[in-house]
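**Q**
In the numbering used here, the protein residues as written are 20 to 448.
#1: Rounding to the nearest angstrom, what Cα-Cα distance links residue 259 and residue 33 in this structure?
#2: How should residue 70 be labelled, buried or exposed, when 16 other C-beta atoms within 10 angstroms of its C-beta is the threshold for buried?
#3: Can you tell me whether residue 206 is buried or exposed, with buried defined as 16 or more other CB within 10 angstroms of its CB?
#4: Report all residues from its chain with a CB closer than 6 Å to the CB of residue 220; omit the five preceding and five following residues, and keep chain order.
#5: Take residue 246 as the anchor and find which of 231, 233, 225, 257 has the nearest alpha-carbon.
#6: With DSSP run on the structure shown, which of helix, strand or coil describes residue 82?
#7: What residue range does the alpha helix (DSSP H) around residue 204 cover?
#8: With DSSP run on the structure shown, which of helix, strand or coil describes residue 445?
#9: Using a Cβ-Cβ cut-off of 7 Å (strictly less than) and excluding sequence neighbours within five positions of residue 145, which residues of its own chain qualify?
#10: Could you spell out where the alpha helix (DSSP H) holding residue 88 opens and where it closes?
#11: Here's the rule I'm using: 16 or more other beta-carbon atoms within 10 Å means buried, otherwise exposed. How should residue 167 be labelled?
#12: What residue range is occupied by the uninterrupted alpha helix (DSSP H) comprising residue 148?
#13: Looking at the secondary structure, which residues open and close the beta strand (DSSP E) in which residue 431 lies?
#14: Quick one: any contact between the segment 95-110 and the segment 37-47, if contact means 3 or more CB pairs under 8 Å?
#15: Given a cut-off of 9 Å, decide if residue 380 and residue 331 are closer than it, judged by their beta-carbon atoms.
#16: According to DSSP, is residue 253 part of a helix, a strand, or is it coil?
#17: Give the list of continuous alpha helix (DSSP H) stretches no shorter than 4 residues that lie fully inside the segment 104-192.
#18: What's the gap between the Cα of residue 185 and the Cα of residue 115?
#19: State the Cα-Cα distance for the pair residue 442 and residue 253, rounded to the nearest angstrom.
#20: Taking the beta strand (DSSP E) that residue 401 belongs to, which residues open and close that run?
#21: Under a three-way DSSP split, which group does residue 215 fall into?
#22: When we look at the beta-carbon of residue 217 and count the other beta-carbons within 10 Å, is it buried (16 or more) or exposed?
#23: Look at the alpha carbon of residue 174 and the alpha carbon of residue 135, and state the distance between them as a whole number of angstroms.
#24: Nearest to residue 406 by CA position, among 422, 413, 400, is which residue?
#25: In angstroms with no decimal places, state the Cα-to-Cα distance between residue 164 and residue 97.
#26: Should residue 444 be labelled buried (16 or more other beta-carbon atoms within 10 Å of its own) or exposed?
#27: So residue 67 packs on residue 130, CB below 8 Å; how close in whole Å?
#28: I'd like to confirm the pairing. Which residues does DSSP put opposite residue 220 in its beta bridges?
#29: Residue 344: which of 375, 244, 307 sits nearest, CA to CA?
#30: Just to confirm before moving on: does the CB-CB distance between residue 333 and residue 370 stay below 9 Å?
#31: Closest by CA to residue 338, which one among 197, 396, 304?
#32: Contact defined as beta carbons within less than 8 Å: I believe residue 133 pairs with residue 202. What is the distance between those atoms, to the nearest angstrom?
#33: Helix or strand or just coil, what does DSSP make of residue 396?
#34: Measure the C-alpha to C-alpha separation of residue 122 and residue 367 and round it to an integer number of angstroms.
#35: Here's the rule: buried if 16 or more other CB atoms are within 10 angstroms of the residue's CB, otherwise exposed. What is residue 119?
#36: Count the other CB atoms within 10 Å of the CB of residue 272; is the residue buried (16 or more) or exposed (fewer)?
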């Protein structure tokens, strides 16, 4: 029986994607198509099968009470034998040719194999059981076998590249198998799937979410709907991660996704690591940021976090760190994060008088403060978000960009919406 999906019919795509778990988990056999064969892949398939037969023969010839180390040594000896052959570089290239096929990098391949009762991988007319690819991966994670590869001296640059990269390439099969074990014996939530498949390829960005649904067996579930935009699907996927109380998503309280509403002028660039001759410009920039921020001299509690807006502004300017020669009894010997970070409340931030503000700016402009010469402000822009949060961002930031905390992060990032429904991350110090 053949199952065909009309990819141009979004309703059909959505309904069929929702059935993928049932299709692959109840199939008697799943066929993995690695692509057409060539002289390299033919040798690669032959090599994987031959090495496994040789290892099986050698380990079965050991005494029944042989130790694990003795079995590992027998396996390593088989690889030593193969690497000593004149055609060792050819068989290594053949195996690499199999493991670099696009199938290994696609998101959809995870759900094809993980639920399968029986899977076979075909490359042209040749085929191997899926477990043989996994077993070959396991061999190349064993320390004794890795050392065999390290000691072997390839004859050509191509051979060195193939033999050197082989252990890292083939672990892909083990990753998929681990997902299969985890699915059968434990729970898989949405954020775990996103984390381990973030670098896998899709044609439709929405499949970064929908292509994983067949493997998720814990937490909120989604119904595929290809009528939704990429942005809507990603937001829905993120909400599903948050709905699971045991999910491993880090969310900072008070730092929601938000759009930049105001972006100020940039601070002057660092010249020779100092702002000599530019102090008035730096000072003017800071005060301009303060005025344009609106309401920065408001009453306590005027900022969105509950603190005074003046405190929030100056904490932003000093990047929430104490300063030598400004904070009482603070010295550079303090290295621990909790020693460097400002106290809550802090005795010196915000500055209490205009004179104290002047002193703070002079200290910031001195070589020994906060990295020296206000380097953390160089070519930075002050911004405010629609919900009231303020901060410093890259020079390229502009109104309409989005500030958000990404999965696994603990600080906000700046994203710029693109016309095709995707986002570009602004980064780099």
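Positions of the beta carbon are idealized from the N, C-alpha and C atoms, including for glycine.
**A** On the basis of the coordinates in this document:
#1: Rounded to whole angstroms, residue 259 to residue 33 spans 18 Å at the Cα level.
#2: Residue 70 sits buried, since 16 or more C-beta atoms from the chains shown fall within 10 Å of its C-beta.
#3: So residue 206 ends up on the exposed side.
#4: Excluding sequence positions up to five before and after residue 220, its CB lies within less than 6 Å of the CB of 124, 125, all in the same chain and listed in chain order.
#5: Closest by alpha carbon: 225.
#6: Taken through DSSP and simplified to helix, strand or coil, residue 82 comes out as coil.
#7: Segment 190-204, the alpha helix (DSSP H) holding residue 204.
#8: Looking at residue 445 - three-state DSSP - the assignment turns out to be strand.
#9: Setting aside the 5 residues that flank it on each side, residue 145 is surrounded in the same chain by 56, 61, 64, each with a C-beta closer than 7 Å to its C-beta; the list follows chain order.
#10: First-last of the alpha helix (DSSP H) with residue 88: 87-102.
#11: Per the 10 Å Cβ criterion, buried.
#12: Where residue 148 is concerned, there is no enclosing alpha helix (DSSP H), although the beta strand (DSSP E) around it starts and stops at 145-148.
#13: Secondary structure note for residue 431: its beta strand (DSSP E) is the uninterrupted segment 431-436.
#14: The segment 95-110 vs the segment 37-47: no contact.
#15: In this structure, residue 331 keeps its C-beta atom at 9 Å or more from the C-beta atom of residue 380.
#16: Helix, per DSSP.
#17: Listed in chain order, the complete alpha helix (DSSP H) runs (minimum 4 residues) inside the segment 104-192 are 107-118, 127-132, 149-158, 162-170, 176-188.
#18: Looking at the two C-alpha atoms, the distance is approximately 6 Å.
#19: Looking at the two C-alpha atoms, the distance is approximately 11 Å.
#20: For residue 401, the enclosing beta strand (DSSP E) starts and ends at 399-404.
#21: Residue state, collapsed to three classes: helix.
#22: Counting Cβ neighbours within 10 Å, residue 217 comes out exposed, since fewer than 16 surround it.
#23: Using only the alpha carbons, I get a separation of about 41 Å.
#24: Of the residues 422, 413, 400, the one whose Cα lies closest to the Cα of residue 406 is 422.
#25: Straight-line Cα distance between these residues: approximately 9 Å.
#26: With fewer than 16 other Cβ atoms within 10 Å, it is exposed.
#27: Under the criterion of beta carbons closer than 8 Å, residue 67 and residue 130 do not qualify as touching, at roughly 24 Å.
#28: Beta-bridge pairing by DSSP links residue 220 to 125.
#29: By alpha-carbon distance to residue 344, the top candidate from 375, 244, 307 is 375.
#30: Contact flag set, yes.
#31: Of 197, 396, 304, the residue nearest in Cα terms is 396.
#32: Between residue 133 and residue 202, the beta carbon gap of about 5 Å places them in contact (Cβ cut-off 8 Å).
#33: Here DSSP, grouped into helix, strand and coil, assigns residue 396 to coil.
#34: C-alpha separation (whole angstroms): 58 Å.
#35: With fewer than 16 other Cβ atoms within 10 Å, it is exposed.
#36: Because residue 272 sits at a pLDDT of 42, beneath the cut-off of 50, its placement in the model cannot be relied upon, and the following sentence gives the value as read from the coordinates. Flag for residue 272 reads exposed.
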